[in-house]
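Peer 1: I have a structure I would like to understand better, so I am pasting it below and will then ask my questions one at a time.
Number of protein chains: 2
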Amino acid sequence: MIDGRLQRGERTRQAVLDAAVRLASVEGLDGLSLARLTATLNVSKSGLFTHWPDKQALQLAIVEHARRQWTEYIVEPAFRAPRGVRRLWALHERRIDFYRSGQLPGGCFFGAVDGELDDRPGPVRDAVADAIGSWMNLLARLSEIAVEVGDLRPGTDPAQLAFEIEAIGSVVVVHAHLLKRENSYRFARTAVLERLRSLSTDPGVLPKE
Amino acid sequence: MIDGRLQRGERTRQAVLDAAVRLASVEGLDGLSLARLTATLNVSKSGLFTHWPDKQALQLAIVEHARRQWTEYIVEPAFRAPRGVRRLWALHERRIDFYRSGQLPGGCFFGAVDGELDDRPGPVRDAVADAIGSWMNLLARLSEIAVEVGDLRPGTDPAQLAFEIEAIGSVVVVHAHLLKRENSYRFARTAVLERLRSLSTDPGVLPKE
DNA sequence: AATATTAACGACCGATCGTTCATATTGTTT
DNA sequence: AAACAATATGAACGATCGGTCGTTAATATT
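Going down the list, the protein sequences come from chains A and B. Following the numbering used here, the numbering of the first sequence begins with 28 at its first residue and continues without gaps. Following the numbering used here, the numbering of the second sequence begins with 28 at its first residue and continues without gaps.
Here it is, written out as structure tokens:
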């Protein structure tokens, strides 16, 4: 038995979070004002406080929502690739495709908010740092596994490789949106692909380009 | 003969811009409010309008100021290194040192503002895009020269290499400040150094680590 | 049918935003 | 000394910010 009232609330909540992540990918989390958020929705400003006690709680929910989207669109599909270097590559490829698909108008939620939270302590900052930290750990762990299964040469530093992949992946948004350089997506593919091939024991398992 | 009034104004202007770049490296350009900017200075909020007609004009001046600092602290010193791959490396090294030195509390002005201006048209956005675009062109040009003088292997794509160096350089701020990972600076050094060595005709001209 | 519960709203609050303006202060020119 | 020019200020403005409150609509429970 389903309570129609709770159902209605849940529907609204998801609609707000969807719009919020989209908006925040452009304006950031602080730049996002409640009035402008509700402007494009069938929700009043005071209606937001039915679901979240204050703006900070909403911001935390937004971060959580963006994180779920990231997992759903990028991490989970990549895990359909076989273990080792191919899974690592799939992760990067999915990410670039996600950016290029224009799913979020600003390109990337985390890219839009990381700059404004750098040195501003608080729960929101911690939540974003935790999300990005987990992503980094995932990259490092998959790199480690790729070494263990023999795809990548022994001696390869997983943390170093994770750092490099993340660098290439994160800079592409700025270059594509701010500098309007469409070739950024290709550069980002090439950079990581060549790097992985150079570390691979058998480059043949990776695509040619 | 110097007009003491103009002198005074110029002194104030520089003090404001210095503080503004520092503050904006943490809060961004929009997050920066005039009241908070003047709070730490001996200037009233209305006093700002003596020097700039509105906030946007001030923001443009701030971008210009940050750009001058970037040139002064990073580009010019790097040009004391000999032409070729060593100059390219010096550029990256100076940049990482600038970040690590903590000259700006937020680490990097452009890193703090690029996310919030991604898709928001206007003169400020254009100014930031122009600054970063020039920097990219410099990286690409120095890469090109490094190929021409024979330091880097022929066939090296300067734009691709510039993209990779910029990626490594820009991500280090987020990792050091948001994730508080001190090893980011070392990762960023190693990544570019190894990349350049792998492309060099004579890796001996580059430092070992 | 009467009562609780949940979702959502409009009106309003104090604080802060960027901005204007009349005025004061300081330094230069005549 | 008088007139002028540049710098800087405090008080106030309308707009917008995040947030509160009393009320209504819809659904569920008794």
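For each residue, glycine too, the CB sits at the ideal point set by N, CA and C.
In chain B, what lies closer than 7 angstroms to Arg-180(A) by C-beta?
Peer 2: In chain order: nothing, as chain B lies at least about 13 angstroms away.
Peer 1: Going by C-alpha distance, which of Arg-224(A), Leu-61(A) and Leu-33(A) is nearest Val-43(A)?
Peer 2: For the residues Arg-224(A), Leu-61(A) and Leu-33(A), the minimum Cα distance to Val-43(A) belongs to Leu-61(A).
Peer 1: Would you verify that the beta carbon of Glu-103(A) is, or is not, closer than 9 angstroms to some beta carbon of chain B?
Peer 2: Not an interface residue.
Peer 1: Whole-angstrom Cβ separation of Ser-197(B) and Gly-133(B), contact assumed at under 8 angstroms?
Peer 2: So it is not a contact: roughly 13 angstroms between Cβ atoms.
Peer 1: What residues from chain A crowd round Ile-195(B), counting only those whose CB sits closer than 9 angstroms?
Peer 2: Phe-190, Glu-191, Ala-194, Ile-195 and Val-198, listed in chain order.
Peer 1: Mind listing the chain A neighbours of Ala-139(B)? Cutoff is C-beta to C-beta under 8 angstroms, in chain order.
Peer 2: Result: Gly-142, Glu-143 and Asp-145.
Peer 1: Determine, for Asp-57(A), whether the minimum Cβ-Cβ distance to residues of chain B falls below 9 angstroms.
Peer 2: So yes, Asp-57(A) belongs to the interface.
Peer 1: Per DSSP, Ser-227(A) forms a beta bridge with which residues?
Peer 2: Paired residue(s): Leu-179(A).
Peer 1: Looking only at C-alpha atoms, which of Ile-89(A), Leu-188(A), Pro-104(A) and Ala-139(A) sits nearest to Val-200(A)?
Peer 2: The candidate whose alpha carbon is nearest that of Val-200(A) is Ala-139(A).
Peer 1: Of all the alpha helix (DSSP H) runs that stay within the bounds of the stretch 141 to 215 of chain A, which reach a length of 4 or more residues?
Peer 2: Here the runs fully enclosed are 150 to 175 and 185 to 204.
Peer 1: Give the DSSP-derived three-state secondary structure of Ala-108(B) in the structure shown.
Peer 2: Correct three-state label for Ala-108(B): coil.
Peer 1: Quick check: what's the CA-CA separation for Phe-84(B) versus Gly-149(B)?
Peer 2: The question names Phe, yet the displayed sequence has Ala at residue 84(B). Distance between the alpha carbons of Ala-84(B) and Gly-149(B): 12 angstroms.
Peer 1: Distance cutoff 9 angstroms, beta carbons only. Does Ala-11(A) sit that close to anything in chain B?
Peer 2: The shown model of chain A, from 28 to 236, leaves out residue 11(A), and the question about it has no answer.
Peer 1: Which residues, taken in chain order from the stretch 149 to 166 of chain B, show a beta carbon closer than 9 angstroms to some beta carbon of chain A?
Peer 2: Hits within the stretch, in order: Arg-152, Val-155, Ala-156, Ile-159, Gly-160 and Met-163.
Peer 1: When you compare the CB positions of Val-232(A) and Arg-113(A), do they come within less than 9 angstroms of one another, or not?
Peer 2: Going by C-beta atoms, Val-232(A) is nearer than 9 angstroms to Arg-113(A).
Peer 1: Which residues in the same chain have their Cβ closer than 8 angstroms to the Cβ of Gln-41(A), if we skip the five residues on either side of it in sequence?
Peer 2: Same-chain partners within the cutoff: there are none.
Peer 1: How do the stretch 200 to 218 of chain B and the stretch 183 to 191 of chain A stand: do at least 3 beta-carbon pairs fall below 8 angstroms, yes or no?
Peer 2: Contact between the stretch 200 to 218 of chain B and the stretch 183 to 191 of chain A is present, because at least three Cβ pairs lie under 8 angstroms.
Peer 1: Do Ala-88(B) and Leu-68(B) have their beta-carbon atoms positioned less than 9 angstroms apart in this structure?
Peer 2: Their beta carbons are not under 9 angstroms apart, which means Leu-68(B) does not touch Ala-88(B) by this criterion.
Peer 1: Which residues of the stretch 35 to 68 of chain A have a Cβ closer than 9 angstroms to any Cβ of chain B? Give them in chain order.
Peer 2: Within the stretch 35 to 68 of chain A, the qualifying residues are Ser-52, Val-53, Glu-54, Gly-55, Asp-57 and Gly-58.
Peer 1: Contact criterion: CB-CB distance below 9 angstroms. Does Ala-218(A) meet it with respect to chain B?
Peer 2: True, the Cβ-Cβ gap to chain B drops below 9 angstroms.
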